[in-house]
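Read the structure below first, then the notes.
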Amino acid sequence: MHTSTQPMDWSDSLLVGHAGMDCEHQAFMHCVNAMLTAGDAHFSEALQAMAEHLAEHFALEERLIDEHRFPAGACHAEEHAKVRASVREVQALVAAGDIEIGRELAQALIDWFPGHAEQMDSALATWVARKTLGGAPVVLRRDLRALAPSA
Ligand SMILES: [Fe+2]
Ligand SMILES: [Fe+2]
5 MHTSTQPMDW
15 SDSLLVGHAG
25 MDCEHQAFMH
35 CVNAMLTAGD
45 AHFSEALQAM
55 AEHLAEHFAL
65 EERLIDEHRF
75 PAGACHAEEH
85 AKVRASVREV
95 QALVAAGDIE
105 IGRELAQALI
115 DWFPGHAEQM
125 DSALATWVAR
135 KTLGGAPVVL
145 RRDLRALAPS
155 A
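Each step along the sequence shown adds one to the number in this note's numbering, with nothing skipped, and position 107 is 111.
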């Protein structure tokens with residue numbers, strides 16, 4: 005059985021207004037899409053790349069949480085820890101030959117990400133901007149419809 009999963013598309017609605025976090029979020033999208041397109045022989049490499057990406061991505065956010073004493077930081081870091089634990093668990097299963105569960109993880113990450121970015125990450129970005137700039141971040145979202153070729 006092979007689950008068919010649509011690649012994750014970038015949408016500027018995912019921008020949180022912190023350059024470092026926005027950059028990590030685009031990297032997340034590339035890693036998750038690489039998991040979707042990897043053949044079975046290369047799947048564990050794609051999963052390893054995701055694990056390494058998440059370590060960096062979450063470390064950046066957790067550093068911001070600590071540095072700026074973000075009040076909801078414990079809850080945010082706890083969600084990261086759950087994702088890290090699932091990835092580790094799935095890595096062991098994939099290493100034992102269960103590639104399908106790795107593909108299910110890619111789908112689960114795609115489902116999880118927008119909610120986390122829109123709530124927890126964007127709240128953190130707003131907090132950091134208030135602490136450092138004295139205001140909410142200005143997020144310039146392109147009008148994606150304007151960029152689409154006209155039919
Ligand atoms: Fe994030
Ligand atoms: Fe986060």
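Idealized CB from N, CA, C, for every residue including glycine.
message: Are there any heavy atoms of ligand 1 lying less than 7 Å away from the beta-carbon of Asp-125, as far as the coordinates show?
response: In the sequence shown, counting from the first residue as 1, residue 125 sits at position 121. Yes - ligand 1 has a heavy atom lying nearer than 7 Å to the Cβ of Asp-125.
message: Quick test of the definition: if touching needs 3 or more C-beta pairs under 8 Å, does the region 22-32 touch the region 88-96?
response: no
query: Can you find a heavy atom of ligand 2 that lies under 7 Å from the Cβ of His-80?
result: In the sequence shown, counting from the first residue as 1, residue 80 sits at position 76. It does: the Cβ of His-80 is within 7 Å (strictly closer) of some heavy atom of ligand 2.
field: Residues near Ala-53 by beta carbon distance below 6 Å, same chain, minus five either side
entry: Within the sequence shown, numbered from 1, the residue matching residue 53 stands at position 49. If we look at Ala-53 and ignore the five residues flanking it on each side, its Cβ neighbours are Cys-35.
message: Could you compute how far the alpha carbon of Ala-45 sits from the alpha carbon of His-84?
response: Locating residue 45 in the sequence shown gives position 41, where the first residue counts as 1. Locating residue 84 in the sequence shown gives position 80, where the first residue counts as 1. Answer to the nearest angstrom: the Cα atoms are 28 Å apart.
task: Say yes only if the C-beta of Glu-122 is nearer than 7 Å to one or more non-hydrogen atoms of ligand 2, and no if none qualify.
output: Counting from 1 along the sequence shown, the entry for residue 122 is found at position 118. No, the Cβ of Glu-122 stays beyond 7 Å of every heavy atom of ligand 2.
Cβ pair His-22, Pro-141 closer than 8 Å: In the sequence shown, counting from the first residue as 1, residue 22 sits at position 18. In the sequence shown, counting from the first residue as 1, residue 141 sits at position 137. Contact flag set, yes.
- prompt: Below 8 Å between beta carbons: does that hold for Leu-64 and Met-25?
  reply: Residue 64 sits at position 60 when you count from the first residue of the sequence shown. Residue 25 sits at position 21 when you count from the first residue of the sequence shown. Yes, these two residues count as a Cβ contact at 8 Å.
field: Same chain, Cβ closer than 6 Å to Gly-77, five either side skipped, listed in chain order
entry: Stepping through the sequence shown from its first residue, residue 77 is reached at position 73. Excluding residues within five positions, the ones whose Cβ falls inside 6 Å are Ile-69.
query: Grouping DSSP H, G and I as helix and E and B as strand, with all else coil, what is Thr-158?
result: No answer is possible for residue 158: it lies beyond the span of the chain, which begins at 5 and ends at 155.
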